[in-house]
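The block underneath contains the structure these notes are about, expressed in structure tokens.
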Amino acid sequence: MITEELKRVILTALKLDDWDIQDETIATQVPGWDSLNHVNVILAIENHFRVRFKPVEVLKLKNIGDLQALLTAKLQKPV
Amino acid sequence: MRKELGNENEAIWSRWYKNAERAPDRDAIIHWVAGEEPFRWTFSALIDTAEGLAATLVEHDIGKGDVCAIIMRHNKILYPLYLAVVCVGAIPAILAYPNPRLHPDKFRQGIDGMSSRSGLDWVFTERDLEGTVRPSLERPGSTIKGLHFPLEWKTGHVLTKEQLDRVITRHKLVKRDDPLLLQHSSGTTGLQKPVLLSHRAVLEHVKYYGQAIGLNSNDKIVSWLPLYHDMGLIAAFHLPLALGIPTVQIDPFEWVMVPSLLLDAISLERGTISWLPNFAYNMIADKIADDELDGINLESWRLVINCSEPVRYESHQKFVERFRHWGLNPLAISSCYAMAETTFATTQTPPGTPPSLLALDRNALAQGKVKIAQDADRAKICVSSGKTIAHCQVRIVDENRQEVSDRTIGEIAIKSRSMFDGYRNYLEKTREVVCDGWYYSGDYGFADRGDYYVIGRKKDIIIVAGNNIYPEDLEDVVGKVEGVIPGRVIAFGEEDRQLGTEHVSVIAESGMTGDQGQRKLKMDIIEAAMAIDVSITNVYLVPPRWLIKSSAGKPSRKANKERILSGSETRKAKTNDYGGIEARHTNRAQVG
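Quick note, the sequences are listed as chains A and B, same order.
For the first sequence, my numbering assigns the number 9 to the initial residue and increments by one for each residue that follows.
For the second sequence, my numbering assigns the number 805 to the initial residue and increments by one for each residue that follows.
Structure below.
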């Protein structure tokens, strides 16, 4: 389940007012989320949630549900 | 056994074979996958594997002159497969693997267009794409004889004498002047221009371009560039392979998601040369965090060559400032002017010398004049793309194709020893651009004491991150969106200084009024473009009969771009009672 906060960060990075984002949604289904913009979305998430993703973690993501799961795991991990 | 495949004609396979004999255990291609140990093809392993694959090609009756489209993702088998196709005298054409957002019909349209234009004979692809490609093979009139899945073929086996003899028989038919490869431009609506290059053109080009960049046995190329692009295929693949130096190949899809991969590879492999389109300088400088640079050392990087997009001074500055502390030599920054029609490079800045700069008056430049700026605020710093490489001539010509003097803007024409053999089966298009051995590039620029500056283009092609987008393709799909007046659409590129490239904008006439309806229409337009894998940044909706027509009766891209982007027009548009036009940069996919 995609949290409202993650969804809002993604939409803001893509300059979208709204878009239906579900666990199974893949980046290329979202307007503006092309390969060039991918890095901007990831950076926006990292900056907003104060987390860092490793390159391999980013490359393994299949859909936005995976991204949510990775983010949740990062946020739960004690600093 | 490999010896028997030597060819007196010195076609390109013979060169590869000699490199394998000379340095069998040297790395030829280092196949880079993020998070894994790289796979290293030595010259001998690469040639041996290619021979095995060539035997399979012969079994499938693939031979001289057959056009073979290769549509595969980043895979270590791609390289020996390409070599194998060349070995048997067939003509490889590497095509982009379709992005998931590209509609299968649009992808097929591209394949069908290629089949009609180039006489495509065989398609090598992955099983995942079978359902998408097979209809192209089965449609009436298709030239495609078969679909193959080389990742399922056996590799690494020893050939029997009979198998090897059959490969040799095919290979011996290959001559130096025969076609070596086809490069296909993107574009789906009959705009594809298949560039045909001979063995001779490529071999001569790598020789003279190698000299221009001082290529030597200590060099190692590192590239994330796709092999369907001339810069990736010629500069980062054919050049090192023919001259016997290693090349590191990074997956373009991985690189664009994790730009630090290029720096990792440079640092770990002690890479010396890379080619980058301009946007990559911005992307690498802006999108990599300091902690991703731990342990990175860029001292070995002796040439970072800017090519395939207009070269921007600010991008170079940003890049140097960002990576100086990680060992980047500012003198590594270099530039080049290249195109598939001349195999690759026509000009190049000398290694170790910063590209020449000219601070020109921005307003004069907009009017097509070269005038040194007196006022820094009005200056545009133009970066030289260097001097001509050996056996290549460049001249700047006026509209009558007469040469003009230094510091006069005109079209760039090139005569090169490594000129293409024309667009395949497209004589009329070839005649449009080639006259008396000169290729008329459609790019605008000027000369200054032997340096060439490229400042724009006659053609309306939009270049986004090094990829060409044909406005016609986009206008075609947008014109079919319900609510848009058919035929009343123009697409154009807008400078994006932050990204160091262009972004795509569209002006569409529509009778739609009201915020909600217009927002929906804009989203529909953006989604229609996604189906041809184009991201639109700005949609400008305008009322019927707003677009200015050219003398040919079609909406003029140039005039309408100027109209929409001019401040006065935007102000007027914002105050009129239609309300359909919005100021730039405000209307990207506003939904709600």
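Virtual Cβ for every residue (Gly too), placed ideally from N, Cα, C.
CB contact below 8 angstroms: residue i versus chain A
| i | result |
| --- | --- |
| B/ALA838 | yes |
| B/LYS868 | no |
| B/GLU1331 | yes |
| B/ASN903 | yes |
| B/GLU1058 | yes |
| B/ARG1375 | With a pLDDT of 41 at B/ARG1375, under the threshold of 50, the predicted position of this residue should be treated as unreliable, and no value is reported. |
| B/VAL1343 | no |
| B/ASP1095 | yes |
| B/SER1078 | no |
| B/LYS1122 | no |
| B/LEU1065 | yes |
| B/ALA815 | no |
| B/VAL1062 | yes |
| B/SER1372 | With a pLDDT of only 48 at B/SER1372, under 50, the local geometry of the prediction cannot be trusted, and the value read off the model is given with reservation. Chain A, which has no Cβ nearer than 8 angstroms to the Cβ of B/SER1372, makes this no. |
| B/THR993 | Reliability of the predicted coordinates at B/THR993 is poor, the pLDDT of 47 falling under 50, and no value is obtained from them. |
| B/ALA1269 | yes |
| B/LYS1091 | yes |
C-beta atoms of residue i and residue j nearer than 8 angstroms
| i | j | result |
| --- | --- | --- |
| B/ARG980 | B/HIS1003 | yes |
| B/TRP1059 | B/LEU1097 | no |
| B/ARG974 | B/GLY839 | no |
| B/THR1151 | B/SER1189 | yes |
| B/SER1222 | B/ALA1005 | yes |
| B/ARG1182 | B/ARG1166 | yes |
| B/LEU850 | B/ILE833 | yes |
| B/SER1027 | B/ILE1054 | yes |
| B/PRO1056 | B/LYS1091 | no |
| B/ALA900 | B/PRO1114 | no |
| B/LEU1000 | B/PHE1224 | yes |
| B/VAL1198 | B/ILE1216 | yes |
| A/LEU79 | A/LEU19 | no |
| B/ILE816 | B/VAL890 | yes |
| A/VAL38 | A/ILE50 | no |
Interface flag, residue i vs chain B, CB-CB below 8 angstroms
| i | result |
| --- | --- |
| A/ASP74 | no |
| A/THR33 | no |
| A/LEU67 | yes |
| A/THR20 | no |
| A/LEU44 | yes |
| A/VAL64 | yes |
| A/ARG60 | yes |
| A/LEU14 | no |
| A/LEU79 | no |
Close Cβ partners of residue i (< 8 angstroms) along its chain, the five nearest in sequence each way excluded
| i | result |
| --- | --- |
| B/LEU1107 | ILE1017, THR1076, ILE1077, SER1078, ALA1136, SER1138 and PRO1155 |
| B/TYR1230 | ARG921, LYS997 and PRO998 |
| B/VAL1288 | VAL1282, ALA1312, GLU1313, SER1314, LEU1325 and ILE1329 |
| B/ARG1375 | In this predicted model, B/ARG1375 has a pLDDT of only 41, less than 50, meaning its place in the structure is not dependable enough to derive any value. |
| B/CYS1140 | TRP1079, ILE1109, ASN1110, CYS1111, ALA1149, THR1151, GLN1152, THR1153, SER1189 and GLY1190 |
6 angstroms Cβ shell around residue i - same chain, five flanking residues per side excluded
| i | result |
| --- | --- |
| B/VAL1281 | ALA1332 and ILE1336 |
| B/PRO1044 | ILE1025 and THR1051 |
| B/ASP1254 | Residue identity check: residue 1254 of chain B is Gly in the sequence provided, not Asp. For B/GLY1254, where only same-chain residues beyond five positions count, the Cβ hits under 6 angstroms are LYS1191. |
| B/THR1234 | GLY1226 and TYR1227 |
| A/LEU75 | LEU69 |
| B/LYS880 | HIS835 and PHE843 |
Cβ separation of residue i and residue j, assumed to be a contact under 8 angstroms, to the nearest whole Å
| i | j | result |
| --- | --- | --- |
| B/ARG1211 | B/VAL1174 | 4 angstroms |
| B/VAL1187 | B/TYR1244 | No, B/VAL1187 and B/TYR1244 are not in contact; Cβ-Cβ is about 23 angstroms, not under 8 angstroms. |
| B/ARG1361 | B/ILE1267 | No, B/ARG1361 and B/ILE1267 are not in contact; Cβ-Cβ is about 14 angstroms, not under 8 angstroms. |
| B/GLU1313 | B/VAL1343 | 12 angstroms between Cβ atoms; not a contact. |
| B/LEU1037 | B/ILE898 | 7 angstroms |
| B/ALA1046 | B/LEU1007 | 6 angstroms |
| B/GLY917 | B/ILE895 | So it is not a contact: roughly 17 angstroms between Cβ atoms. |
| B/GLY960 | B/THR853 | 7 angstroms |
Spatial neighbours of residue i in its chain, beta-carbon cut-off 7 angstroms, leaving aside the 5 residues before and after
| i | result |
| --- | --- |
| B/VAL1132 | It is Leu, not Val, that sits at residue 1132 of chain B in the sequence shown. Taken in chain order, the residues that qualify are LEU1102, TRP1105 and VAL1124. |
| B/ALA1269 | PRO1081, PHE1083 and THR1305 |
| B/VAL1208 | ILE1200, VAL1201, ASP1202 and GLY1214 |
| B/VAL862 | VAL892, ARG970, VAL971 and ARG974 |
| B/THR993 | Bear in mind that the predicted position of B/THR993 carries a pLDDT of just 47, short of 50, making it unreliable; the figure below should be weighed with that in mind. Cβ neighbours of B/THR993 beyond the five flanking positions: GLU1276, ASP1277 and ASP1280. |
| B/VAL871 | ILE895, ALA897, SER922, GLY923, LEU924, ASP925 and LEU986 |
Chain E residues whose Cβ lies nearer than 9 angstroms to that of residue i
| i | result |
| --- | --- |
| A/ASP28 | The chain inventory of the structure shown lacks chain E, comprising the protein chains A and B. |
**OP:** Let me know the beta strand (DSSP E) ranges lying completely inside the segment 844-883 of chain B, each 3 residues or longer, listed in chain order.
**Re:** 871-875
Original post:
For the segment 1133-1203 of chain B, which segments carrying the alpha helix (DSSP H) assignment without a break, of at least 4 residues, lie completely within its bounds, in sequence order?
Top reply: 1166-1170
**OP:** For the segment 1202-1239 of chain B, list the alpha helix (DSSP H) runs that are entirely contained and at least 4 residues long, ordered along the chain.
**Re:** 1231-1237
Subject >> Within the segment 1006-1087 of chain B, ranges of the alpha helix (DSSP H) (whole runs, at least 4 residues) >> reply: 1043-1047, 1056-1061 and 1064-1073
**OP:** List in chain order: all unbroken alpha helix (DSSP H) runs of 4+ residues lying wholly within the segment 14-72 of chain A.
**Re:** 43-57 and 63-68
Subject >> Length at least 3, wholly inside the segment 930-976 of chain B: the beta strand (DSSP E) runs in chain order >> reply: 950-952
**OP:** Can you check the segment 1290-1371 of chain B for any beta strand (DSSP E) of at least 3 residues that lies completely inside it and give the ranges in chain order?
**Re:** 1305-1314 and 1340-1346
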